[in-house]
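First residue of the first sequence? That's 75 in the numbering used here, and the numbers climb one at a time after it. Yeah, the Cβ is synthetic: ideal placement off N, Cα and C, and Gly gets one too. The structure appears below as structure tokens.
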Amino acid sequence: MVFDSSCLSNNDIAIGLLRLMDERGCKPDIYAYDTIIDSLCKDKMIEDAFKLFNEMVFAKGIQPDVITYTSLIYGLCNLCRWDEVSKLLKEMEDLRISPNFQTFSILVDAFCKEGSVDEAEAVIDIMVERGEVPNIVTYNSLIDGYCLRGEMTKARSIFDSLTSKGLVPDVVTYSSLLNGYCKSLKIEEAIRMFHEVTRKGLNPDVIFYNTMIQGLFSVGRCGDACQLFDEMQAQGQTPNEYTYGIILDGLCSNHQLEEALSLFHLVGDSKLNYNIVVYSILIDGAGKRGKLDIVRALFHELHVKGLQPDVRTYTAMIRGFCRVGLLREAKNLFLKMGERGCPPDNVSYSVLLHGYLKNQHFNDVEILLQQMDRRSYSLDASTLSLLKDRVTAGSLDRSLLKLIGMLVPKS
DNA sequence: GTAGGGTTAG
75 MVFDSSCLSN NDIAIGLLRL MDERGCKPDI YAYDTIIDSL CKDKMIEDAF KLFNEMVFAK
135 GIQPDVITYT SLIYGLCNLC RWDEVSKLLK EMEDLRISPN FQTFSILVDA FCKEGSVDEA
195 EAVIDIMVER GEVPNIVTYN SLIDGYCLRG EMTKARSIFD SLTSKGLVPD VVTYSSLLNG
255 YCKSLKIEEA IRMFHEVTRK GLNPDVIFYN TMIQGLFSVG RCGDACQLFD EMQAQGQTPN
315 EYTYGIILDG LCSNHQLEEA LSLFHLVGDS KLNYNIVVYS ILIDGAGKRG KLDIVRALFH
375 ELHVKGLQPD VRTYTAMIRG FCRVGLLREA KNLFLKMGER GCPPDNVSYS VLLHGYLKNQ
435 HFNDVEILLQ QMDRRSYSLD ASTLSLLKDR VTAGSLDRSL LKLIGMLVPK S
């Protein structure tokens with residue numbers, strides 16, 4: 075066997091084949107390079123993609139085309155590396171390679187995900203100027219962008235204008251709107267969307283059901299959520315790991331930790347339970363109810379399974395420790411996060427700060443704030459007001475106000 | 001060989 079695939083990714087294998095082609099005198103062409111560059115970009119391995127890009131251009135003398143650039147732009151957008159996106163667009167212009175429909179669509183979607191819907195609309199205008207006609211995918215990105223911002227009236231008006239553009243909304247369009255209504259807690263609107271999809275004869279998929287189930291949980295309608303879970307299966311849609319996570323989180327958030335744990339045990343050794351997200355949800359759920367024995371057992375179990383805790387897992391643990399006043403353990407774990415390769419983020423700091431304030435460990439506050447400042451982190455609204463209250467009350471020294479002021483978010 | 005929707009926090 076030429077390749078031992080047991081420890082190689084598909085990308086490694088593809089690159090191996092590329093080398094083999096070279097050795098055997100069968101010159102890899104732009105199709106071969108573009109295929110692998112795209113795959114690397116999709117897997118967020120952008121540095122490797124650029125390595126291959128440079129090899130193609132400089133060592134092999136193959137000129138990149140619009141597809142090469144579009145793949146790289148996609149990869150960079152996914153990593154929010156906007157400066158490099160601009161650089162590549164400029165490079166394309168210099169090489170007189172025009173962005174095509176897909177390039178524009180990627181930019182529209184990236185701006186929408188960033189919350190920059192105005193920029194996204196500007197890209198659509200440029201598209202149209204250049205003779206490209208935006209399709210349902212383009213508008214789905216825009217609708218989703220407005221939904222993510224909670225601007226449901228605007229999202230709805232774009233949705234309503236689709237017909238006059240000769241476009242037919244698909245399941246993705248409805249999913250985005252449904253999700254927007256759910257996140258804005260406009261559950262009745264969401265349910266209306268749900269029924270409209272069925273009425274139109276569209277086939278709701280797993281994502282669509284997941285969105286609706288989550289929406290029902292978010293307004294406390296657990297019974298309806300579980301009923302829909304049954305219905306989706308009756309309709310032939312197989313629940314996936316997202317469905318499972320949504321249900322566990324929904325139960326935990328609605329004071330049904332026991333039900334969540336029963337489901338978790340029922341699922342047992344299935345691959346659904348080989349997922350760090352599941353453990354983070356349950357650890358957080360148990361921690362918030364002060365069930366530290368369960369928290370510890372779950373944390374131990376995930377290690378036994380060889381799962382890697384992430385920032386959210388650690389933060390959930392820390393919240394659990396703080397909740398029952400185990401500040402020393404919270405602090406220890408917080409310190410270990412960096413050593414274990416996942417440094418605390420904004421949220422981890424807020425959680426520990428809340429723990430310190432609630433348990434009157436005022437002496438530990440300043441050092442955390444200084445660290446946050448060094449890392450250019452900022453305070454969320456609730457932590458900020460809590461800190462100010464404690465200064466007013468005299469528990470924290472007034473001299474901290476300057477530091478606190480530096481941690482107020484800029485925007 | 002290049003585009004779109006869904007999961008975990010305060």
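In this structure, residue 223 lies near residue 189, with their beta-carbon atoms less than 8 Å apart. For residue 302, the enclosing alpha helix (DSSP H) starts and ends at 296-308. No residue range can be given for residue 343, since it is assigned to no alpha helix (DSSP H) and is classified by DSSP as neither H nor E.
In its chain, beyond the 5 residues on either side, 255 have a beta carbon closer than 7 Å to the beta carbon of residue 263. Non-local C-beta neighbours of residue 204 in its own chain, meaning closer than 7 Å and more than five positions away in sequence, are absent.
Excluding residues up to 5 positions away in sequence, 216 lie with their Cβ nearer than 8 Å to the Cβ of residue 195 in the same chain. Going by beta carbons, residue 396 and residue 404 fall inside the 8 Å limit. Taken in chain order, the complete alpha helix (DSSP H) segments of 4 residues or longer contained in the region 346-400 are 350-362, 366-378 and 385-397. Here the C-alpha atom of residue 381 lies approximately 22 Å from the C-alpha atom of residue 421.
Your pair residue 302 and residue 290 checks out as a contact, with CB atoms roughly 7 Å apart and the cut at 8 Å. Of the candidates 443, 229, 428 and 350, the residue whose Cα lies closest to the Cα of residue 322 is 350.
Secondary structure at residue 218: helix, using DSSP grouped into helix, strand and coil. Here the region 428-438 does not lie against the region 409-420, with fewer than 3 beta-carbon pairs under 8 Å apart. For residue 104, the enclosing alpha helix (DSSP H) stretches over residues 104-116.
Here the C-alpha atom of residue 296 lies approximately 11 Å from the C-alpha atom of residue 320. If you look at residue 466, you'll find it in the alpha helix (DSSP H) that goes 455-466. With contacts defined by Cβ atoms closer than 8 Å, residue 261 and residue 211 do not form a contacting pair. For residue 437, the secondary structure class from DSSP, reduced to helix, strand or coil, is helix.
Excluding its 5 nearest sequence neighbours in each direction, residue 306 has C-beta neighbours in its own chain below 6 Å: 283, listed in chain order.
In this chain, the alpha helix (DSSP H) harbouring residue 147 covers 140-152. In the DSSP annotation of this structure, the continuous segment of the alpha helix (DSSP H) that includes residue 269 starts and ends at 261-273. By the neighbour-count criterion, in which 16 or more other beta carbons inside 10 Å mark a residue as buried, residue 459 falls on the exposed side. Scanning its chain for C-beta atoms nearer than 8 Å, with the 5 sequence neighbours on each side dropped, one finds around residue 162 the residues 143, 146, 147 and 150, in chain order.
Nearest neighbour of residue 449 by Cα position, chosen from 417, 438, 165 and 409, turns out to be 417.
CA-to-CA, the gap between residue 368 and residue 357 works out to about 8 Å. Under the three-state reduction of DSSP, residue 201 is assigned to helix. Closest in alpha carbon position to residue 461, among 451, 120 and 436, is 436.
In this structure, DSSP gives residue 234 a helical state, which the three-state scheme calls helix. The beta carbon of residue 423 is closer than 7 Å to those of 442, 446 and 451 in its chain, skipping five residues each way along the sequence. Around the C-beta of residue 288, 16 or more other C-beta atoms lie within 10 Å, and the residue is accordingly described as buried. Short of 8 Å from the beta carbon of residue 272, and not among the five residues preceding or following it, lie these beta carbons of its own chain, in chain order: 278. Nearest to residue 138 by C-alpha distance, out of 105, 386 and 113, is 105. The beta carbon of residue 258 lies closer than 6 Å to those of 224 and 226 in the same chain, with the five residues before and after it left out. In the displayed model, residue 444 falls within a helix according to three-state DSSP. If you draw a 10 Å sphere on the C-beta of residue 483, you find fewer than 16 other C-beta atoms in it, and that means exposed.
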